[in-house]
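Step one of this worksheet: look at the structure below.
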C-alpha cells in the first residue's frame with residue numbers, strides 16, 4: 019500500500035506534522051504558497067490541510083487529481099469551494115470544537131470591553147489623562163443577553179453569561195425547546211429578541227439567510243442603548259447602518275472581531291464612537307491553535323488510512339470502529355445500486371432503499387450514499403459517494419429510506435427499488451462470509467455472486483429456454499462462469515443471471531432478446 023501524502027499549505031502546529039508522520043502519512047509543510055504554485059503541485063497529494071489563508075478554489079480542486087480530503091483547522095470553510103470538492107468526491111472536514119471555548123471567551127471579553135469602554139479608557143489613561151467621569155459603564159449583572167445562534171459556541175457563551183447572572187434569550191431555528199431548557203436559555207423569535215436584549219451577540223455562520231441579519235431595519239427595532247458583539251462572521255451586520263446607530267446612540271457600544279472584508283485595513287466602523295475592534299482573534303490562543311492542529315491531523319489520517327470520516331461537511335460521519343464493519347455492506351450497496359442504475363431505461367423517477375436485520379444497527383447513511391453512487395454512475399459521469407446524494411437531490415428525485423429489525427431469510431438484507439417509466443424494479447442483496455451476494459430480483463429469490471460481466475434475463479418459465487440460451491452463448495464463443503435462476507412459480511415469471519467471461523455483443527444481445535420466452539435482457543457490468 020502506497021503511503022498517503024498530505025500537503026499543509028498554511029501555518030499549523032508542529033504537533034500536526036508529528037501526528038501525520040507517526041500515523042504513517044507522508045507530509046510536506048509549505049505555508050504561504052501562491053495560487054499558481056499550489057495549482058502546480060496539488061496533483062501530487064491525497065490530502066490538503068489548511069487554515070484560512072489557502073483558497074481551495076474550483077481551479078485548485080480541478081488540478082487536484084488525486085486529492086481525497088481537505089481538512090480545515092478551524093470552523094469556517096469560506097475559503098473552500100465545497101460544491102467543487104463534492105463533485106470531485108473530495109471530503110471536506112473541519113474542526114468545529116477545537117476552538118469553541120476560545121471563541122466563546124473572546125465574545126465574553128468583547129462584551130465586557132464594550133460595556134466598560136475598556137479600550138478607550140486604556141488609551142486615555144496611558145496618555146496621562148484621568149477621565150473617571152468620561153467612562154461611565156454599565157453592569158452586565160441582571161441584563162438580558164440575546165444570542166443570535168445558540169449552537170456549540172453560542173451555548174458556551176450562554177453558560178458563561180448565566181454564570182454572570184445575566185438572563186439569556188436565544189434565536190435559533192435549530193434549537194429545540196428541550197435543548198433550550200437544558201442549557202437554561204429562553205427560546206424566542208428574532209422579532210422578540212431585538213427589543214428585549216440589552217446585549218446582542220452573534221453566533222451563526224454566514225449564509226444567504228444570515229447575511230445582514232442585523233440589517234438597518236432590524237437595528238432600528240433594538241432596545242435603545244443596546245450593545246452588539248460579533249465574534250462569528252463578517253457580513254452578519256449592516257456595518258454602515260451600525261455606524262449610524264453608534265453615532266445616534268441607538269447602539270451604545272459595539273465590539274467586533276470580524277468584518278465583511280478581511281484583512282480589514284479600513285472599515286466604515288473604524289473611528290465610530292464606542293466601537294472596539296480586534297483582528298479576528300476568536301481562535302487565537304495557544305490552546306486553540308494546538309487543538310485544531312491536532313484534530314485536523316487525526317481526522318485526515320483516520321480517513322486516509324481507514325476510511326473513518328469525522329466532522330465532514332459533505333459526507334456522513336464514519337467512526338474508525340465502524341469503517342471495517344461497514345466496508346462489506348458499502349460494497350454490497352454500491353453494487354446493488356450499479357445493478358439498479360443499469361436497468362433504469364426510461365429515466366429515474368424515484369428511489370427506495372430498505373434495510374433489514376442486523377444492518378439496521380449500523381450507520382446506514384454511508385450505505386445509502388454508496389448505493390446512490392452505484393445507482394447514478396451508469397446515468398451520470400463522475401459520480402461518487404460524496405457527490406451522489408447531492409446530485410440526486412439536485413435532480414428532484416425523491417428518496418425514501420426504511421428499516422425493518424428482522425429479515426425473514428438472511429441476517430441482513432439491503433433492497434433497492436427504482437421507479438422508471440412509471441414502473442418499479444426491485445432487487446436485494448446480502449453479505450455472505452464477507453462477500454456481497456445478489457439475493458433477490460423482482461422479489462424472486464436466488465443467491466448469486468457479482469461477476470464483472472453479467473447477462474440479466476427476465477423470461478417466462480418455459481421448457482427449453484435455458485438450453486436455447488446456453489447454446490446461443492456457446493455458438494458465439496461466450497464462456498459461462500456462473501448461472502443462477504429464480505422464478506415465481508412453475509410456468510410463471512422467471513429470471514436468469516449469467517456471469518460470462520467475454521463481452522456480449524449488441525447483435526448477440528439482440529438475438530437473445532428475440533427468443534420467444536424473453537421479456538427483458540440487459541448486459542450488466544460491475
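In the working numbering, the protein residues as written are 19 to 544.
We treat Cβ as the ideally placed atom computed from N, Cα and C, and that holds for glycine.
Inspect the beta-carbon positions of residue i and residue j and report whether they are closer than 8 Å.
{"i": "residue 343", "j": "residue 385", "result": "no"}
{"i": "residue 348", "j": "residue 388", "result": "yes"}
{"i": "residue 60", "j": "residue 85", "result": "yes"}
{"i": "residue 53", "j": "residue 73", "result": "yes"}
{"i": "residue 530", "j": "residue 460", "result": "no"}
{"i": "residue 221", "j": "residue 294", "result": "no"}
{"i": "residue 312", "j": "residue 122", "result": "no"}
{"i": "residue 176", "j": "residue 206", "result": "no"}
{"i": "residue 390", "j": "residue 406", "result": "yes"}
{"i": "residue 392", "j": "residue 352", "result": "yes"}
{"i": "residue 326", "j": "residue 338", "result": "yes"}
{"i": "residue 68", "j": "residue 404", "result": "no"}
{"i": "residue 467", "j": "residue 480", "result": "no"}
{"i": "residue 172", "j": "residue 188", "result": "yes"}
{"i": "residue 319", "j": "residue 95", "result": "no"}
{"i": "residue 317", "j": "residue 89", "result": "yes"}
{"i": "residue 422", "j": "residue 370", "result": "no"}
{"i": "residue 174", "j": "residue 119", "result": "yes"}
{"i": "residue 87", "j": "residue 409", "result": "no"}
{"i": "residue 346", "j": "residue 496", "result": "no"}
{"i": "residue 488", "j": "residue 498", "result": "yes"}
Have a look at residue i and residue j and give me their C-alpha separation to the nearest angstrom.
{"i": "residue 38", "j": "residue 183", "result": "44 Å"}
{"i": "residue 237", "j": "residue 259", "result": "8 Å"}
{"i": "residue 65", "j": "residue 264", "result": "46 Å"}
{"i": "residue 208", "j": "residue 465", "result": "58 Å"}
{"i": "residue 394", "j": "residue 355", "result": "8 Å"}
{"i": "residue 56", "j": "residue 78", "result": "7 Å"}
{"i": "residue 457", "j": "residue 528", "result": "27 Å"}
{"i": "residue 71", "j": "residue 447", "result": "47 Å"}
{"i": "residue 148", "j": "residue 131", "result": "18 Å"}
{"i": "residue 11", "j": "residue 501", "result": "Any question about residue 11 goes unanswered here, given that the chain covers just 19 to 544."}
{"i": "residue 150", "j": "residue 219", "result": "28 Å"}
{"i": "residue 563", "j": "residue 334", "result": "In the structure displayed, the chain extends from 19 to 544; residue 563 sits before or after that span and is not available."}
{"i": "residue 430", "j": "residue 309", "result": "40 Å"}
{"i": "residue 21", "j": "residue 477", "result": "50 Å"}
{"i": "residue 535", "j": "residue 374", "result": "33 Å"}
{"i": "residue 506", "j": "residue 83", "result": "48 Å"}
{"i": "residue 251", "j": "residue 231", "result": "11 Å"}
{"i": "residue 299", "j": "residue 223", "result": "17 Å"}
{"i": "residue 415", "j": "residue 226", "result": "25 Å"}
{"i": "residue 426", "j": "residue 28", "result": "54 Å"}
{"i": "residue 452", "j": "residue 255", "result": "55 Å"}
{"i": "residue 483", "j": "residue 533", "result": "8 Å"}
{"i": "residue 158", "j": "residue 98", "result": "38 Å"}
{"i": "residue 524", "j": "residue 361", "result": "16 Å"}
{"i": "residue 268", "j": "residue 234", "result": "12 Å"}
{"i": "residue 413", "j": "residue 104", "result": "16 Å"}
{"i": "residue 190", "j": "residue 168", "result": "6 Å"}
{"i": "residue 185", "j": "residue 125", "result": "16 Å"}
{"i": "residue 100", "j": "residue 228", "result": "19 Å"}
{"i": "residue 296", "j": "residue 271", "result": "14 Å"}
{"i": "residue 315", "j": "residue 302", "result": "19 Å"}
Residues bridged to residue i by DSSP?
{"i": "residue 164", "result": "187 and 218"}
{"i": "residue 231", "result": "DSSP lists no partner for residue 231."}
{"i": "residue 538", "result": "476"}
{"i": "residue 543", "result": "471"}
{"i": "residue 28", "result": "Residue 28 pairs with nothing; no bridge assigned."}
{"i": "residue 434", "result": "371 and 445"}
{"i": "residue 210", "result": "Answer by DSSP bridge pairing: none, since residue 210 is not bridged."}
{"i": "residue 11", "result": "Because the chain spans 19 through 544 in this model, residue 11 falls outside it and cannot be assessed."}
{"i": "residue 330", "result": "111"}
{"i": "residue 45", "result": "24"}
Of all the CB atoms in chain C, is at least one closer than 8 Å to the CB of residue i?
{"i": "residue 515", "result": "In the structure shown, chain C cannot be found, because there is only a single protein chain."}
Report the residue ranges of all beta strand (DSSP E) runs contained in full by the segment 436-477; include only those spanning at least 3 residues, in chain order. Taking only runs of at least 3 residues, the beta strand (DSSP E) segments lying wholly in the segment 436-477 are 441-450, 453-459 and 462-467.
Tell me the start and end of each unbroken alpha helix (DSSP H) in the segment 55-132 that is at least 4 residues and wholly inside, in chain order. As far as the segment 55-132 is concerned, its whole alpha helix (DSSP H) runs of at least 4 residues are 76-81 and 100-105.
Decide yes or no for the touch test of the segment 247-255 against the segment 263-279: beta carbon pairs closer than 8 Å, at least 3 of them. Pairwise C-beta distances place the segment 247-255 in contact with the segment 263-279, as three or more of them are shorter than 8 Å.
Does the count of Cβ pairs from the segment 459-473 and the segment 511-525 closer than 8 Å reach three? Taking 8 Å as the limit for Cβ pairs, the verdict is that the segment 511-525 does touch the segment 459-473.
In chain order, each beta strand (DSSP E) run of at least 3 residues that lies wholly inside the segment 369-432: As far as the segment 369-432 is concerned, its whole beta strand (DSSP E) runs of at least 3 residues are 417-422.
Between the segment 124-143 and the segment 105-115, do at least 3 Cβ pairs fall closer than 8 Å? In short, these stretches do not touch, since the Cβ pair count stays below three.
Just checking, does the segment 158-172 make contact with the segment 199-218 on the three C-beta pairs under 8 Å criterion? The segment 158-172, when compared against the segment 199-218, does touch it at the 8 Å Cβ threshold.
Count the C-beta pairs between the segment 435-451 and the segment 142-150 that are closer than 8 Å, then say yes if the count reaches three, no if not. Here the segment 435-451 makes no contact with the segment 142-150; the two share fewer than three CB pairs at distances below 8 Å.
4-residue-minimum alpha helix (DSSP H) runs that sit fully inside the segment 222-301, ordered along the chain: Note on the segment 222-301: whole alpha helix (DSSP H) runs with a minimum of 4 residues are 234-238 and 257-266, in chain order.
Go through the segment 482-530 residue by residue and report every complete run of the alpha helix (DSSP H) that reaches 4 residues or more, in order. Counting only runs of 4 or more, we get 483-493.
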